[in-house]
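Chains as they are written, first to last, in the numbering used here: chain F, 1 to 112; chain A, 113 to 225.
Following this line, the structure appears as structure tokens:
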């Protein structure tokens, strides 16, 4: 079953603008991760935020986590054409279970 | 350091044929995973391994078998391929348990006719 659900399913913005994607999940988690997938490629890990953290930054990426609402957001600032990709949130269940549960992804298009 | 590699990159099978997908990692990771990705969907876990000689079922294990005879390799087998197994298959590995950061291979596209 899909644990995480990203919103929106697709997003198109102009280069230089900020892009925000949201992820909601259903059960308790150990951590939440965001991955990027360029067309026809494997997934690349972007950032991991643990259940006891509220916000994390990495370069132009900012991730927030609200465990009370079971939601997370990924903000990409000053977008570039190279940011065009699909972005997936993935949750790791609490209790140390193995494997990640992925959402269906947000397809981001950056218009030059 | 090649990371995670997958063989083959693309394969066409006829219904009922068998094949094995190979995943190799050179990061000395304990944990390895096989996922499938269907159009418009996220990845779904097929099988995983928490160490050499161990395997376990994921969310969608039916129709697949796996083996982890060597720490660096994780094999995914289809004994009798079905059109429903047409998908892109990704292998991943991680150093720690509990859903820590996973490193993905480039994927294998499989078409079952």
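We put the CB at the ideal spot given by N, CA and C, even for glycine.
The contact set of residue 162 of chain A on chain F, defined by CB atoms closer than 7 Å, consists of 98 in chain order.
C-alpha of residue 51 of chain F to C-alpha of residue 178 of chain A: approximately 32 Å in a straight line.
Within the same chain, and ignoring the five residues on either side of residue 112 of chain F in sequence, the residues whose Cβ sits closer than 8 Å to its Cβ are 15 and 81. By the Cβ rule, the segment 186-199 of chain A does not count as touching the segment 103-112 of chain F, because fewer than three pairs are nearer than 8 Å.
Close partners of residue 145 of chain A in chain F (Cβ separation under 9 Å): 98, 99 and 100. The Cβ of residue 48 of chain F sits closer than 7 Å to at least one Cβ of chain A. Residue 58 of chain F and residue 209 of chain A have their alpha carbons spaced roughly 23 Å apart.
Looking from the CA of residue 159 of chain A, the closest CA among A:146, A:223, A:119 and A:124 belongs to A:146. Chain A places a beta carbon closer than 7 Å to that of residue 30 of chain F, counting this residue as a contact. Between residue 48 of chain F and residue 30 of chain F, the C-beta gap is not smaller than 7 Å, which leaves the two residues out of contact. Exposure of residue 10 of chain F is indicated by the presence of fewer than 16 other C-beta atoms within 10 angstroms of its C-beta. Interface flag for residue 218 of chain A against chain F is set, since a Cβ pair is found closer than 7 Å. A straight line joining the alpha-carbon of residue 84 of chain F with that of residue 180 of chain A spans about 36 Å.
In the structure shown, residue 129 of chain A falls within a coil segment according to DSSP collapsed to helix, strand and coil.
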